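Residue numbering for the sequence shown follows full-length UniProt numbering, starting at 1 and increasing by one per position.
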Amino acid sequence: MNIVTVTPAMLAGRTNELSALLIDCVRNGSSVGFLRTIDAAEASAYWDAVRAAMESGCRVLLIAEHAGQLQGTVQLDFCLKPNGVNRAEIQKLIVHTSARRRGVAAALMTKEEDVARERGRGLVYLDTEAGSPAEAFYLAQGYTCIGGLPEYACSPDGEWRANAIYYKTLFTRSAEKDMDSPRAAA
């Protein structure tokens, strides 16, 4: 399996594949911001928005491939606020239903954490549907649940569900010692 960091130009050429992956996951119950009625046009528009975020420098898109086939993807969204340079949000970890339970998600998360470290982001966080199988996965990856919000989002079937918020500290930063911190710049 190869984990690839996608460029905006690469994304433009793989929108159809990524759209098919997103549709597969949503139609099979993954709660990633879409309802089961998602179609190719809606999925394609989503990836266009991701490409714009990548071009602005606030998003990294990773894909997992095996034998030339797209298996999964994850995104890392960097906080651009001056007081948030230590954090990044993990978004849309999705694995094709035919590739699940083969280590794809774990490989994507490992690489995503490496990218976060390389970019100086010591805190990564995410949210997922409370009670979903994803919770056990994130706990196994060393993430800590800090709670959740009731009726946070609709499931693909249109039912309001709570979310669970997770974080992982990759490294700690001291504002007094970190010359990139807002306090050091003052």
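All C-beta atoms, glycine included, are put in the ideal place defined by N, C-alpha and C. Just so you know, these numbers come straight off a predicted model, no measurement behind them.
Under the three-state DSSP convention, the category residue i falls into
i, result
"GLU152", "The identity of residue 152 in the sequence shown is Tyr, whereas the question assumes Glu. Of the three classes helix, strand and coil, the one that applies to TYR152 here is coil, per DSSP."
"ALA185", "Caution applies to ALA185, whose pLDDT of 43 falls short of 50 and renders its modelled position unreliable; the value that the coordinates give is listed next. It is helical."
"MET1", "coil"
Same chain only: Cβ atoms within 7 Å of residue i, ignoring 5 sequence neighbours per side
i, result
"SER132", "SER31"
"ASN86", "ARG121, GLY122, LEU123, ARG173"
"TRP160", "GLU151, CYS154"
"GLY147", "ILE165"
Spatial neighbours of residue i in its chain, beta-carbon cut-off 8 Å, leaving aside the 5 residues before and after
i, result
"GLY72", "LEU21, ILE63, ALA64, LEU93, ILE94, VAL95, HIS96, ALA99, VAL104, ALA105, LEU108"
"LYS23", "Sequence check: residue 23 is Ile here, not Lys. Closer than 8 Å at Cβ, skipping near neighbours: ILE38, ASP39, ALA40, ALA43."
"THR169", "GLY122, LEU123"
Beta-ladder partner(s) of residue i, from DSSP
i, result
"THR15", "In the DSSP output, where bridge partners are listed per residue, THR15 has none listed."
Contacts around residue i, its chain only, beta-carbon distance under 6 Å, and the 5 residues preceding and following it disregarded
i, result
"TYR138", "TYR166"
Item to complete: Taking only runs that begin and end inside the UniProt domain "N-acetyltransferase" (21-172), name each unbroken alpha helix (DSSP H) of 4 or more residues, in chain order.
Response: 40-55, 104-118, 133-140
Discussion item. Is it the case that the region 52-60 contacts the region 34-43, given that we only count it when at least three CB pairs across the two stretches are under 8 Å?
Written reply: no
Worksheet item: Should the region 122-132 be regarded as contacting the region 43-50, the criterion being three or more beta carbon pairs within less than 8 Å?
Response: no
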